[in-house]
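Enquirer: Just so we're aligned, residue 69 is where the sequence shown starts under our numbering, counting upward by one.
No residue lacks a Cβ here, since even glycine has one placed at the ideal position from N, Cα and C.
Owing to the predicted nature of the structure, the values given are computational and were not obtained by experimental measurement.
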Amino acid sequence: MTRTDLAPVAPTEPGAPVPPAAPLLLGIETSCDETAAAVVDGGGRVRSSVVSSQVDLHAAYGGVVPELAGRAHLSLLTPVVATALEQAGLPGASAAGAPVDAVAATVGPGLIGALLVGASQAKGLALAWDVPFVGVNHLEGHCFAALLDHRDLAWPLVVLLVSGGHSMILAMDGPGRYRLLGQTLDDAAGEAFDKVARFLGLGYPGGPAIERAAAGGDPGAFAFPRAMADSGLDLSFSGLKTAVVNAVRRHPDATDADVAASFQQAVVDVLVRKTMRAATGLPAAGVCLAGGVAANGPLRAAFAAACDGAGLPLYLPSRAMCTDNAAMVAAAGAWQLEHLGPSPLGTPADPGAGLPLDVAPAGRGAVASTRPVG
Ligand SMILES: Nc1ncnc2c1ncn2[C@@H]1O[C@H](COP(=O)(O)OP(=O)(O)OP(=O)(O)O)[C@@H](O)[C@H]1O
Ligand SMILES: [Mg+2]
Numbered sequence: 069m070t071r072t073d074l075a076p077v078a079p080t081e082p083g084a085p086v087p088p089a090a091p092l093l094l095g096i097e098t099s100c101d102e103t104a105a106a107v108v109d110g111g112g113r114v115r116s117s118v119v120s121s122q123v124d125l126h127a128a129y130g131g132v133v134p135e136l137a138g139r140a141h142l143s144l145l146t147p148v149v150a151t152a153l154e155q156a157g158l159p160g161a162s163a164a165g166a167p168v169d170a171v172a173a174t175v176g177p178g179l180i181g182a183l184l185v186g187a188s189q190a191k192g193l194a195l196a197w198d199v200p201f202v203g204v205n206h207l208e209g210h211c212f213a214a215l216l217d218h219r220d221l222a223w224p225l226v227v228l229l230v231s232g233g234h235s236m237i238l239a240m241d242g243p244g245r246y247r248l249l250g251q252t253l254d255d256a257a258g259e260a261f262d263k264v265a266r267f268l269g270l271g272y273p274g275g276p277a278i279e280r281a282a283a284g285g286d287p288g289a290f291a292f293p294r295a296m297a298d299s300g301l302d303l304s305f306s307g308l309k310t311a312v313v314n315a316v317r318r319h320p321d322a323t324d325a326d327v328a329a330s331f332q333q334a335v336v337d338v339l340v341r342k343t344m345r346a347a348t349g350l351p352a353a354g355v356c357l358a359g360g361v362a363a364n365g366p367l368r369a370a371f372a373a374a375c376d377g378a379g380l381p382l383y384l385p386s387r388a389m390c391t392d393n394a395a396m397v398a399a400a401g402a403w404q405l406e407h408l409g410p411s412p413l414g415t416p417a418d419p420g421a422g423l424p425l426d427v428a429p430a431g432r433g434a435v436a437s438t439r440p441v442g
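Here you go:
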């Protein structure tokens, strides 16, 4: 895809409703504990985005219980899809024919029982409506989240993808073209937020809880480690988590606010430093954030300042588009449908799927891709 493929469609009269651009995609996301459906049109506009979070269901356990997640998706998905179609102004199954031109769903990575619910429902709808099915990689979906709001991008971008299960620094040479520059050697950034929040008794999910607690704290109260800050582009968070535990045991009178603020600052410092080093080294035409941790206010502010200083544009998804949603899945599915074609209905759910990476060394000849085609 070239830059022009991402250009906004021609503006209409101010205030006039914008007619949907073909093709219309229904996206479905059920990889973890969010049951989500969305309709996105060919102009990249989000016609509807419905997310039913299972946070309350899992909060009592301090984390996602896979079997409960799968069962909850089963009961929630049909009404969530119906609401997404309704909010997009589309009829459900009717004599009028298919309400959308294709159905995209996350097929991995994620929890197998959860993935199967969304992927099976999407395949069933595609079959019933006689429209293509598109199996989408969840991580690629996260990478498309910022593209929903920003269509006039220059490439390559350096993408910091920081979520509950993954932390990667990527070179994105265009939609669908990713090179891995660095990744976590142990915990994901979101996982570190969740574990530290659980240790402090702040609740689940940990990221927003830490951010709230940190708002009243001193980020300089504890000098937590910034692992490998000046070497390479890989990341590590397990030492930081241990340092927090040790500090709290040594200073039982420390406030949650100070501990949370100091922990958050350590994560932000490392992510900004490494991502900006990757961006200037590449060199990148811009920086993009993706994944649930990208919803973090101090992280967004620190990147805004760093990119400003480096003269690089920063592409931030809205906070709602950072955490799991189906609009990003539909957007990735639309690109995939146009450039790689539909997926077979036999496409399996793959809980351990990785982001499809370009495997040729940077700047050398034709790029081989690990992406399965067809
Ligand atoms: N405001 C925030 N600050 C920091 N972390 C946050 C914030 N909001 C959410 N998170 C973290 O983001 C993670 C959830 O993000 P996301 O939904 O993208 O992950 P996931 O889908 O579970 O994992 P993956 O995408 O790797 O499969 C959680 O770890 C959560 O604590
Ligand atoms: Mg996710």
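Would you say V227 and L238 are within 8 Å of each other, going by their C-beta atoms?
Expert: Yes.
Enquirer: Which whole runs of the beta strand (DSSP E) in the segment 79 to 154 are 3 residues long or more, in chain order?
Expert: Taking only runs of at least 3 residues, the beta strand (DSSP E) segments lying wholly in the segment 79 to 154 are 93 to 97, 102 to 108, 114 to 121.
Enquirer: Are the beta-carbon atoms of G209 and M396 separated by less than 8 Å?
Expert: A contact, by the Cβ cut-off of 8 Å.
Enquirer: P147 to M296, Cα distance in whole Å?
Expert: Each residue's Cα considered, the two are about 46 Å apart.
Enquirer: With DSSP as the reference, label L367 as helix, strand or coil.
Expert: Helix.
Enquirer: Determine the direct distance from the alpha carbon of A222 to that of L93, and round the result to whole angstroms.
Expert: Answer to the nearest angstrom: the Cα atoms are 25 Å apart.
Enquirer: With respect to the alpha helix (DSSP H) encompassing L183, which residues constitute its N-terminal and C-terminal limits?
Expert: Start and end: 180 to 197.
Enquirer: For T174, does the count of other Cβ atoms within 10 angstroms reach 16, so buried, or fall short, so exposed?
Expert: Flag for T174 reads buried.
Enquirer: Going by other Cβ atoms of all chains shown within 10 Å of its Cβ, with 16 needed for buried, is N314 buried or exposed?
Expert: Exposed, since its Cβ has fewer than 16 Cβ neighbours within 10 Å.
Enquirer: Mind checking T343: buried by the 16 CB within 10 Å criterion, or exposed?
Expert: T343 comes out buried.
Enquirer: As a quick check of your reading: which residues have a C-beta less than 5 Å from at least one non-hydrogen atom of ligand 1, in chain order?
Expert: In chain order, the hits are C100, S231, G232, G233, H234, G258, F261, D262, P273, G274, G275, P276, E279, G359, G360, V361, A363, N364, T391, D392.
Enquirer: Got a sec, what are the start and stop residues for the alpha helix (DSSP H) T343 sits in?
Expert: Taken as a continuous stretch (DSSP letters only), the alpha helix (DSSP H) holding T343 covers 324 to 349.
Enquirer: Quick one: measure Cβ to Cβ for D326 and G285, integer angstroms, because I've assumed they're closer than 8 Å.
Expert: About 4 Å; that satisfies the 8 Å criterion.
Enquirer: By Cβ distance, which residues of its chain are closer than 7 Å to K191, with the 5 residues on each side in sequence left out?
Expert: Only F201, L413 meet the Cβ criterion.
Enquirer: Taking the straight line between their C-alpha atoms, what separation do you get for L425 and D241?
Expert: Going by the C-alpha atoms only, they are around 11 Å apart.
Enquirer: Are there 16 or more other CB atoms within 10 angstroms of the CB of A283, so buried, or fewer, so exposed?
Expert: A283 is exposed by the Cβ-count criterion.
Enquirer: Please confirm whether L158 and V168 have their CB atoms less than 8 Å apart.
Expert: Cβ atoms of L158 and V168: closer than 8 Å.
Enquirer: Going by beta carbon distance, what residues of the same chain come within less than 8 Å of A126, once the five residues before and after it are set aside?
Expert: Ala is not the amino acid found at residue 126; the sequence shown has His there. Answer for H126: D101, V132, V133, L136, A137, Y272, listed in chain order.
Enquirer: Is H210 near ligand 2, in the sense that its beta carbon is under 7 Å from a heavy atom of that ligand?
Expert: Yes, the beta carbon of H210 sits closer than 7 Å to at least one heavy atom of ligand 2.
Enquirer: Within its chain, find whatever has a CB closer than 8 Å to the CB of D302; leave out the 5 residues flanking it on each side and keep chain order.
Expert: Contacts found: G250, Q251, T252, L253, M296.
Enquirer: Would you call the CB atoms of D324 and E97 closer than 8 Å?
Expert: Not a contact, by the Cβ cut-off of 8 Å.
Enquirer: Looking only at its own chain, which residues have a Cβ that is under 8 Å from the Cβ of R460, when we skip the five neighbours before and after it?
Expert: Residue 460 lies beyond the residue range present for the chain, which begins at 69 and ends at 442; the question has no answer from this structure.
Enquirer: Looking at H206 and ligand 2, is the gap between the Cβ and the nearest heavy atom below 7 Å?
Expert: True, at least one ligand heavy atom lies under 7 Å from that Cβ.
Enquirer: Determine the direct distance from the alpha carbon of G365 to that of A352, and round the result to whole angstroms.
Expert: A352 and G365: Cα-Cα distance of roughly 23 Å.
Enquirer: Rounded to whole angstroms, what's the CA-CA distance from V114 to A170? Just pull it up for me.
Expert: Distance between the alpha carbons of V114 and A170: 15 Å.
Enquirer: Give me whichever residues DSSP pairs with V427 in a beta bridge.
Expert: Bridge partners of V427: none, in fact.
Enquirer: Roughly how many angstroms lie between the CA atoms of L142 and G181, to the nearest whole one?
Expert: Straight-line Cα distance between these residues: approximately 10 Å.
Enquirer: I need the straight-line Cα distance from D217 to S386, nearest angstrom please.
Expert: Cα to Cα, D217 sits roughly 8 Å from S386.
Enquirer: Looking at the unbroken beta strand (DSSP E) that takes in F201, where does it start and where does it end?
Expert: Unbroken beta strand (DSSP E) run through F201: 201 to 205.
Enquirer: My output table needs one value for R443: the three-state DSSP class, helix, strand or coil.
Expert: The displayed coordinates of the chain run from 69 to 442. Any statement about residue 443 would go beyond what the structure contains.
Enquirer: Give me the Cβ distance between A106 and A394, rounded to the nearest whole Å; I'm assuming they're in contact under 8 Å.
Expert: Between A394 and A106 the Cβ distance is about 4 Å, and since that is below 8 Å, they are a contact.
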